[in-house]
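J.: Numbering-wise (my numbering), the sequence shown opens with residue 27 and increments by one.
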Amino acid sequence: MFSFKYVVSSEWEGEILKSYAEIIITPQELRLYEILNKRIVIGKSEDILIEGKVLDSNYNPVEGAVIGIKSINYNYRPPKETEIGYAITNISGAYAINIEKIHNVNYELYIYEPIIEPLCLEETTN
């Protein structure tokens with residue numbers, strides 16, 4: 027593993043803010059960055075929110091649909107596919123998945139119909 031320290035300075039509303047951090051980079055992560063003049067240039071990492079709504083053929087929301095997400099990493103030959111996780115739609119058919127955006131990585135979503143029917147409670151008389 028490779029470790030380095032850095033200090034970041036920025037200006038916000040006229041005040042100079044400084045922060046200190048130590049970063050540890052694994053060999054796998056190091057391949058995602060460029061080395062220029064023996065300086066490590068780290069690409070900006072951002073989280074992205076993928077959100078949507080699942081509707082049936084009549085445009086009604088589908089509650090309980092399972093949304094799967096996998097990454098396809100083109101930094102490998104052949105590209106490496108990894109299951110990231112799942113989300114389940116709410117009563118409005120909406121879902122949201124927060125993931126880290128990585129250079130040269132695409133994300134693929136797939137949708138499964140609801141596994142469990144919504145629970146309906148009925149009163150029974152004896």
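Backbone N, C-alpha and C define an ideal beta-carbon position, used for all residues, glycine too.
Kindly indicate which residue of H129, P140 and I141 has the alpha-carbon position closest to the one of I74.
T.: For I74, the nearest C-alpha among the options comes from H129.
J.: Cutting at 6 angstroms between CB atoms, please list the residues of its own chain near P140, excluding the five before and the five after it.
T.: Cβ within range, chain order: G90 and A91.
J.: How about I95 and Y133: do their beta carbons lie closer than 8 angstroms?
T.: In contact: I95 and Y133 (Cβ atoms closer than 8 angstroms).
J.: Should Y100 go down as buried or exposed, given a rule of 16 or more other Cβ atoms within 10 Å for buried?
T.: That one is exposed.
J.: Could you compute how far the alpha carbon of I110 sits from the alpha carbon of S97?
T.: Their Cα atoms are separated by approximately 7 angstroms.
J.: Spell out the partners DSSP gives V92 in its beta bridges.
T.: Bridge partners of V92: I114 and Y138.
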